[in-house]
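Chemist: Take a look at the following structure, please.
In the working numbering, the protein residues as written are 76 to 394.
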């Protein structure tokens, strides 16, 4: 089973101690967002977790202790650094600071386990195609030696975004093509493997790979693990990622990004934070007497070791 720590919230930035506590104690509880009385328990032990996947916009809070997880589990890290400033991402560090943190993270965990996310790509009067390409090249030049790949996607025009970002300029097909061509050219210039995720459209003519951002092949190569050849169901339309279990909670990320799908509104995350207890097995609050506690199914995706393959473990380490 794959554990996802950052799909619903930026756990790394705002709930670092809680996350470390959960892995130290060996289990976590996750409340079902659709049926709040249902709470699922997942064991956070090396025999039950194939890989731990992180996604954050600021790894600085966890850097001094990230080894507490990487020493015990296969891992993969997504680091989102975009072209936007505080007007769109008020809780996110500045670009230069973020890049320095990414470099430090890469030196700690290895570039093969680290993907830079330039996502989502959106347009306003300030953030033009020209601005995106200039900023992307500035970052690509610096980050290329420290990443496994770069993943990008165009912003999804859902209803909430219309009220949260009235300044948003809808992307035309011509806009998407111009951005893809520019991003692809820059990526090739600096030797970066560039791919899309959860996005329609074929941009392979620009050297852009169409793939998922969390596949067993990707996680396996990063950690020296052989996984089974399984179908990747994804979590939404157009997504081809391997299924995972998210241990976060919606409406808890205080980054305040205007394009965020995980918060109903930025203020609610700050209101919910008062219910957070780093010693609790739940991200928000504690289990209630009327909660229905379920044991999560944790099937391994690892391929069985073949007879006669002596001298290697699943992670490719000689023994």
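Note that the Cβ used here is the ideal one computed from N, Cα and C, for glycine as well. Nothing here was measured: the structure is a model prediction, and the numbers come from that model.
1) Under 8 Å by Cβ, that's how I've got residue 396 and residue 158 pegged, so tell me the actual separation to the nearest angstrom.
2) Quick one: any contact between the stretch 342 to 356 and the stretch 364 to 379, if contact means 3 or more CB pairs under 8 Å?
3) In angstroms, rounded to a whole number, what distance separates the CA positions of residue 63 and residue 155?
4) Under a three-way DSSP split, which group does residue 298 fall into?
5) Anyone know if the C-beta pair for residue 259 and residue 233 falls short of 7 Å?
6) Locate the beta strand (DSSP E) running through residue 102, then write down its first and last residues.
7) Considering residue 87, what are the terminal residues of the beta strand (DSSP E) in which it resides?
8) Counting only the same chain and skipping the five closest in sequence on each side, list residues whose C-beta sits under 6 Å from that of residue 163.
9) On the DSSP letters alone, give me the boundaries of the alpha helix (DSSP H) that residue 196 sits inside.
10) Between the alpha carbons of residue 86 and residue 135, how many angstroms are there, rounded?
11) Assuming residue 288 contacts residue 190 under a Cβ cut-off of 8 Å, what Cβ separation, rounded to an integer in Å, is found between them?
12) Count the other CB atoms, across all protein chains shown, that sit within 10 Å of the CB of residue 245; report buried if there are 16 or more and exposed otherwise.
13) Within its chain, find whatever has a CB closer than 6 Å to the CB of residue 165; leave out the 5 residues flanking it on each side and keep chain order.
14) Compute the distance between the beta-carbons of residue 188 and residue 226, then report whether it is under 7 Å.
15) Span of the beta strand (DSSP E) holding residue 205?
16) Please determine, among 362, 210, 186 and 380, the residue with the shortest C-alpha to C-alpha distance to residue 298.
17) With C-beta atoms as the reference, is residue 337 less than 7 Å away from residue 83?
18) With DSSP as the reference, label residue 131 as helix, strand or coil.
19) Under the rule that 16 or more other beta-carbon atoms within 10 Å means buried, what is residue 306, buried or exposed?
20) Residues in its own chain within less than 7 Å of residue 276 by CB, not counting five upstream and five downstream?
21) Sorted by chain position, which residues of the same chain lie with C-beta nearer than 7 Å to residue 240's C-beta, five sequence neighbours on each side aside?
22) So if DSSP puts residue 117 in a beta bridge, which residue, or which two residues, is it bridged to?
23) With a 10 Å radius around its C-beta and 16 neighbouring C-beta atoms as the bar for buried, classify residue 110 as buried or exposed.
24) With a CB to CB cut of under 8 Å and the five nearest residues on each side skipped, what residues in its chain are close to residue 253?
25) Which residue marks the beginning of the beta strand (DSSP E) containing residue 348, and which one marks its end?
Modeler: Reading off the structure:
1) With the chain covering only 76 through 394, there is no way to say anything about residue 396.
2) no
3) Within the shown structure, residues of the chain are numbered from 76 to 394, placing residue 63 beyond reach of any answer.
4) helix
5) no
6) 102 to 106
7) Counting along the chain, residue 87 falls outside any beta strand (DSSP E), though it belongs to the alpha helix (DSSP H) covering 86 to 89.
8) 333
9) Careful: residue 196 lies outside any alpha helix (DSSP H), inside the beta strand (DSSP E) at 189 to 196.
10) Residue 86 and residue 135 have their C-alpha atoms spaced approximately 12 Å apart.
11) 7 Å
12) exposed
13) Result list for residue 165: 331, in chain order.
14) no
15) Residue 205 -> not in any beta strand (DSSP E); alpha helix (DSSP H) instead, spanning 204 to 218.
16) 186
17) yes
18) strand
19) exposed
20) Cβ neighbours of residue 276 beyond the five flanking positions: 251.
21) 333 and 334
22) 103
23) exposed
24) 204
25) Not the beta strand (DSSP E): residue 348 falls in the alpha helix (DSSP H), residues 341 to 348.
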